[in-house]
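Participant: Under my numbering, read the sequence shown as residues 121 to 462, first letter to last.
Virtual Cβ for every residue (Gly too), placed ideally from N, Cα, C.
Here the structure is a predicted model, which is why all the values come from computation and not from measurement.
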Amino acid sequence: MTTTTHDWLSYARRIAACGSADTLAAIEHELFGRKAGILTIALKEVGALSPEERRKKAVEFNEAKRTLSEAIELKRKTLASPSEDKLKSEDGMDISMELPPLEQGHLHLIPEFIRSVEEVFGRMGFDVMTGPEIESEDLNFNLLNIPPEHPARDAQDTFWIDQKAKNSSNEKLVLRTHTSPVQIRYMQSHTPPFRAIFPGKVYRKDADATHSPMFHQFEGLMIGKNITLANMKAVMITAIRELIDQKAEFRFRTGYFPFVEPGLEVDMRWQGDESESREGKWLEIVGCGLVHPNVLKNCKIDPDLWQGFAFGFGIERMMMIKHRIPDLRSFYEGDLRFLNQF
Ligand code: PHE
121 MTTTTHDWLS YARRIAACGS ADTLAAIEHE LFGRKAGILT IALKEVGALS PEERRKKAVE
181 FNEAKRTLSE AIELKRKTLA SPSEDKLKSE DGMDISMELP PLEQGHLHLI PEFIRSVEEV
241 FGRMGFDVMT GPEIESEDLN FNLLNIPPEH PARDAQDTFW IDQKAKNSSN EKLVLRTHTS
301 PVQIRYMQSH TPPFRAIFPG KVYRKDADAT HSPMFHQFEG LMIGKNITLA NMKAVMITAI
361 RELIDQKAEF RFRTGYFPFV EPGLEVDMRW QGDESESREG KWLEIVGCGL VHPNVLKNCK
421 IDPDLWQGFA FGFGIERMMM IKHRIPDLRS FYEGDLRFLN QF
């Protein structure tokens, strides 16, 4: 018996070119129909061939059966999935239309600023540490050379924690009034030389356009051999220029803080208020100085061997200058019209 040669490739082409489910069904029937399907018959007749022919043809037919049925399945799926045009006309929907941009949140401008502070000081080799917002009287005041009756305590109107709520030890607790207690924590747990910054929230009984009962500071501390005020100024000026403005206008003047000697304050020009003159007015943004020998001794660091400086920047005030913000309370009101500008 002779076998017919089949052009399986032409079937494959017809399947690929076919544009409707009906035509596809017809081709499928032509190939796989139970009685007259070309492949059905071919496979049935294989048994009648000579053993050698049979082996050859069986391979060919099975291969054809597999590829052609796969091609049919694939085509069936493609024909079943709706086309773009069909979607448009059925639902009146334009799937090519541009969507409005998705609203995305972002960090609040204060934590965002703290990240850039860490980055700028990181480049100058400063470590970062944070401390608790509830502090002992010792860390917030005594160890910083501010004993109980010291007048400097009045300058930082303190929130004391209700003594009934406090822990078993007899320590008096406060909401920290500055980030300086973290200086003490750092000095107690590290050996000099070192340099580090300490960002975080601080609390004082104050509230007006330039004061808030909660605000943010970052403290800086650098202790080593032969560290002078010149080193302090260099570090601070670099930071002010990078964080606020390369052309920032500032002035150093003497100031008093019990934990530094000598002590200085830095003011910067602030043009927050429309009614202000073009020059704006000076706003104090940082206290600083050389760490007082008593503070070093309190942390078991020998002041004859080690010296250094400390500073405490007011973060909101830096941002008020940088972005010309007239009222510091805007930072905490959660008004998106304000926040979305940053
Ligand atoms: N702790 C001071 C304040 O909050 C600022 C300061 C820090 C001053 C470090 C000197 C050195 O007012």
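State the Cα-Cα distance for the pair T299 and Y306, rounded to the nearest angstrom.
Facilitator: About 11 Å.
Participant: If you draw a straight line from the C-alpha of V380 to the C-alpha of N265, how long is it?
Facilitator: Approximately 9 Å, taken between the alpha carbons.
Participant: For the beta strand (DSSP E) that D387 lies in, which residues bound it at each end?
Facilitator: Here the beta strand (DSSP E) through D387 covers V380 to W390.
Participant: Determine the closest residue to K292 out of H270, N262, H310 and Q276, with distance taken between C-alpha atoms.
Facilitator: Here the closest residue by C-alpha is N262.
Participant: Relative to the C-alpha of L456, which candidate in L227, A137, L199 and C138 has its C-alpha closest?
Facilitator: Of the candidates L227, A137, L199 and C138, the one whose C-alpha sits nearest the C-alpha of L456 is L227.
Participant: I'd like to check one pair, G400 with H336: are the Cβ atoms closer than 9 Å?
Facilitator: Contact: no.
Participant: Do the CB positions of E257 and L295 come within less than 9 Å of each other?
Facilitator: Going by C-beta atoms, E257 is not nearer than 9 Å to L295.
Participant: Name the two residues that bound the continuous alpha helix (DSSP H) containing S309.
Facilitator: Element bounds for S309: S300 to S309.
Participant: Is the region 301-318 touching the region 409-419 in the sense that three or more CB pairs, one from each, lie closer than 8 Å?
Facilitator: Verdict: yes, contact present.
Participant: When the Cα of A430 is compared with those of T330, G157, V302 and V322, which residue comes out closest?
Facilitator: It is V302 whose Cα lies nearest to the Cα of A430.
Participant: Grouping DSSP H, G and I as helix and E and B as strand, with all else coil, what is M217?
Facilitator: M217 falls in the coil class under three-state DSSP.
Participant: Which one of L349, S450 and V322 has the shortest CA to CA distance from F338?
Facilitator: Here the closest residue by C-alpha is V322.
Participant: Secondary structure at T374, three-state DSSP: helix, strand or coil?
Facilitator: In this structure, T374 counts as strand in the three-state DSSP scheme.
Participant: Would you check if there are 3 or more beta carbon pairs closer than 8 Å linking the region 404-412 to the region 376-390?
Facilitator: Yes: at least three Cβ pairs fall under 8 Å.
Participant: Identify, in the order they occur along the chain, each residue of the same chain with its Cβ nearer than 7 Å to the Cβ of F451, setting aside the five sequence neighbours on each side.
Facilitator: I230 and E436.
Participant: Locate the beta strand (DSSP E) running through K195, then write down its first and last residues.
Facilitator: Not the beta strand (DSSP E): K195 falls in the alpha helix (DSSP H), residues P171 to A200.
Participant: To the nearest angstrom, how far is the alpha carbon of G225 from that of S140?
Facilitator: Cα to Cα, G225 sits roughly 48 Å from S140.
Participant: Could you say which of G383, S332, Q366 and D365 lies nearest to M352 if we only look at CA atoms?
Facilitator: When each option's Cα is compared against that of M352, the closest is G383.
Participant: Just verifying my parser: in three-state terms, what is the DSSP assignment at P319?
Facilitator: Strand, per DSSP.
Participant: With hydrogens ignored, establish whether the beta-carbon of G245 is closer than 8 Å to any heavy atom of the ligand PHE.
Facilitator: No.
Participant: Measuring straight from C-alpha to C-alpha, what distance separates T187 and A168?
Facilitator: Approximately 24 Å between the Cα atoms of the pair.
Participant: Consider the C-beta atom of E339 and the heavy atoms of the ligand PHE; say whether any pair is separated by less than 8 Å.
Facilitator: Because some heavy atom of the ligand PHE lies under 8 Å away, the Cβ of E339 counts as near it: yes.
Participant: Which residue wins for smallest C-alpha separation from R371, given the options L341, F233 and W402?
Facilitator: Ranking the options by Cα distance to R371, first place goes to W402.
Participant: Got a sec? Which residues, its chain only, sit under 7 Å from K197 by beta carbon, not counting five neighbours each side?
Facilitator: Nothing meets the Cβ criterion.
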